[in-house]
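What follows is one structure encoded as structure tokens, with my remarks underneath.
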Amino acid sequence: MRILLTNDDGIHAPGMAVLEEIAAELSDDVWVCAPAEENSGAGHSLTLHMPVRLREHGEHRFSVTGTPTDAVNLAFRKLFREKMPDLVLSGINAGENLADDITYSGTISAAMEAALAGIPAVALSQAFRESGQGFSAAKGWAARVLAPIIGTPMARRTLVNVNFPPRAAEDVRGIRVVRQGFHDYSRGSLVEGTDPRGRPYFWFGLDDIEHTLDHGTDLEAVNDGYVSVTPLQLDLTHHASIGTLAERFTQ
0 MRILLTNDDG
10 IHAPGMAVLE
20 EIAAELSDDV
30 WVCAPAEENS
40 GAGHSLTLHM
50 PVRLREHGEH
60 RFSVTGTPTD
70 AVNLAFRKLF
80 REKMPDLVLS
90 GINAGENLAD
100 DITYSGTISA
110 AMEAALAGIP
120 AVALSQAFRE
130 SGQGFSAAKG
140 WAARVLAPII
150 GTPMARRTLV
160 NVNFPPRAAE
170 DVRGIRVVRQ
180 GFHDYSRGSL
190 VEGTDPRGRP
200 YFWFGLDDIE
210 HTLDHGTDLE
220 AVNDGYVSVT
230 PLQLDLTHHA
240 SIGTLAERFT
250 Q
């Protein structure tokens, strides 16, 4: 099995080193193509107005001067001309990607790019929340989570989002397959200041975002000490609204 690893924290991020160790247990054909620098919050952005450069860091290890989407896209077009990967793993992100985080996350967007190409993809993130446990849960549970996912055929244009709770591996309570939750980002903080030249600036904060812990969601699962597994789809159509909206155009 050929596996491509990527992330949004950059090729030198600690989470990438953890992911490389985990992937080595699954295959001896592991490749890395990740952003050269941190791209957290980049979403599914693609660099279009400047060139993107590819740098080699050793056998099967590359960085890209662009976004996570750039990294996966360039890997597919340049590195895998003869044989495409069988699986793409994105992460392990330093911080959770739960609920509406998926719309901002470069980690998940890299997996989305793989799904668009018809390749099975899994995004993996480690929640910290000042737990002091680092990537302990991910190290102890990633292989147990990935084995069933890899063995399950994925529908086209879908991916799986995995989040590890901020606990030591031995304290994780298990694995839950759950739906996407909901954040209230309208309540996020805004830090205002003045730069050395006297000009105002604004810095978005995330400290007071409201978390809605509805039953059966990824937010609840991680909060309760479980690994959350959430299947996602790239079809954003709200099918239930098609009929209602179509009626508006026929009146």
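Residue numbers for the sequence shown follow numbering that gives the first Met the number 0, so the first one is 0 and each next one is one higher. In this text, a Cβ means the ideal position worked out from N, Cα and C, and glycines have one as well. The structure displayed is predicted, hence computed values, not measured ones.
(request) Measure how close the beta-carbons of residue 90 and residue 222 come, nearest whole angstrom, since I'm counting them as under 8 Å. (result) The sequence position of residue 90 within the sequence shown is 91, counting from 1. The sequence position of residue 222 within the sequence shown is 223, counting from 1. Between residue 222 and residue 90 the Cβ distance is about 20 Å, and since that is not below 8 Å, they are no contact.
(message) Comparing C-alpha positions only, which one of 141, 73, 123, 216 sits nearest to residue 47?
(response) Working through the sequence shown from its first residue, we reach residue 47 at position 48. Put simply, of 141, 73, 123, 216 the residue whose alpha carbon is nearest the alpha carbon of residue 47 is 73.
(message) Let's test the definition: count the other Cβ atoms within 10 Å of the Cβ of residue 111 and tell me whether it reaches 16, buried, or not, exposed.
(response) Sequence index remark: in the sequence shown, residue 111 carries index 112 (1-based). So residue 111 counts as buried.
(request) Go through its chain and collect everything with a Cβ distance to residue 102's Cβ below 8 Å, but skip five positions before and after it. (result) One-based indexing of the sequence shown puts residue 102 at position 103. Correct list, in chain order: 42.
(request) Take residue 256 as the anchor and find which of 169, 167, 163, 168 has the nearest alpha-carbon. (result) Since the displayed the chain opens at 0 and closes at 250, residue 256 lies outside it and no answer follows.
(message) Quick check on the DSSP output: what are the complete beta strand (DSSP E) runs of length 3 or more inside the stretch 13 to 72, in order along the chain?
(response) Counting only runs of 3 or more residues that sit fully inside the stretch 13 to 72, the beta strand (DSSP E) segments are 28 to 34, 53 to 55, 60 to 63, in chain order.
(request) Leaving out five residues on either side along the sequence, give the residues of the same chain with a beta carbon under 7 Å from the beta carbon of residue 191. (result) The sequence position of residue 191 within the sequence shown is 192, counting from 1. Annotation for residue 191: 199, 201 place their beta carbon closer than 7 Å to its own, counting only its chain and skipping 5 residues before and after.
(message) Measuring CB atoms only, is the stretch 127 to 134 touching the stretch 48 to 67, in the sense that at least three cross pairs come out at less than 8 Å?
(response) Contact between the stretch 127 to 134 and the stretch 48 to 67 is absent, because fewer than three Cβ pairs lie under 8 Å.
(request) Please go through the same chain and pick out, in chain order, the residues whose beta-carbon is closer than 8 Å to the beta-carbon of residue 169, but skip the five residues on each side of it. (result) Working through the sequence shown from its first residue, we reach residue 169 at position 170. Cβ neighbours of residue 169 within its own chain (closer than 8 Å, five residues either side excluded): 139.
(request) Identify, in the order they occur along the chain, each residue of the same chain with its Cβ nearer than 7 Å to the Cβ of residue 53, setting aside the five sequence neighbours on each side. (result) In the sequence shown, residue 53 corresponds to position 54, counting from 1. Its chain contains 61, 63, 73, 77 as the residues whose beta carbon lies nearer than 7 Å to that of residue 53, once the 5 sequence neighbours on both sides are disregarded; these appear in chain order.
(message) For a test of the three-state rule: what should DSSP assign to residue 164, helix, strand or coil?
(response) Within the sequence shown, numbered from 1, the residue matching residue 164 stands at position 165. For residue 164, the secondary structure class from DSSP, reduced to helix, strand or coil, is coil.
(request) Would you mind giving the Cβ-Cβ distance between residue 158 and residue 122, rounded to the nearest angstrom? I have them listed as a contact below 8 Å. (result) Within the sequence shown, numbered from 1, the residue matching residue 158 stands at position 159. Within the sequence shown, numbered from 1, the residue matching residue 122 stands at position 123. Between the beta-carbon of residue 158 and that of residue 122 there is about 7 Å, and that keeps the pair under the 8 Å contact cut.
(request) Taking only the alpha-carbon atoms, compute the straight-line gap between residue 12 and residue 50 and give it to the nearest angstrom. (result) By one-based count along the sequence shown, residue 12 stands at place 13. By one-based count along the sequence shown, residue 50 stands at place 51. Roughly 23 Å separates the two Cα atoms.
(message) Let's test the definition: count the other Cβ atoms within 10 Å of the Cβ of residue 241 and tell me whether it reaches 16, buried, or not, exposed.
(response) Within the sequence shown, numbered from 1, the residue matching residue 241 stands at position 242. So residue 241 counts as exposed.
(request) Could you have a look at residue 190 and say whether DSSP puts it in helix, strand or coil? (result) Indexing the sequence shown from 1 puts residue 190 at position 191. In this structure, residue 190 counts as strand in the three-state DSSP scheme.
(message) Here's the rule I'm using: 16 or more other beta-carbon atoms within 10 Å means buried, otherwise exposed. How should residue 14 be labelled?
(response) Residue mapping note: residue 14 aligns to position 15 of the sequence shown, counting from 1. Result: buried.
(request) Have a look at the DSSP bridge pairing and note the partners of residue 173. (result) On the sequence shown, position 174 is the one that residue 173 refers to. Looking at the DSSP assignment, residue 173 forms a beta bridge with 225.
(message) If I follow the unbroken beta strand (DSSP E) through residue 2, where does it start and stop?
(response) Here residue 2 corresponds to residue number 3 of the sequence shown, with the count starting at 1. Looking at the DSSP string, the run of the beta strand (DSSP E) that includes residue 2 is 1 to 5.
(message) Suppose contacts are defined by Cβ-Cβ distances below 8 Å. Is residue 160 in contact with residue 231 by that definition?
(response) What you label residue 160 is simply residue 161 of the sequence shown in a count that begins at 1. What you label residue 231 is simply residue 232 of the sequence shown in a count that begins at 1. Yes, the Cβ-Cβ distance between residue 160 and residue 231 is below 8 Å.
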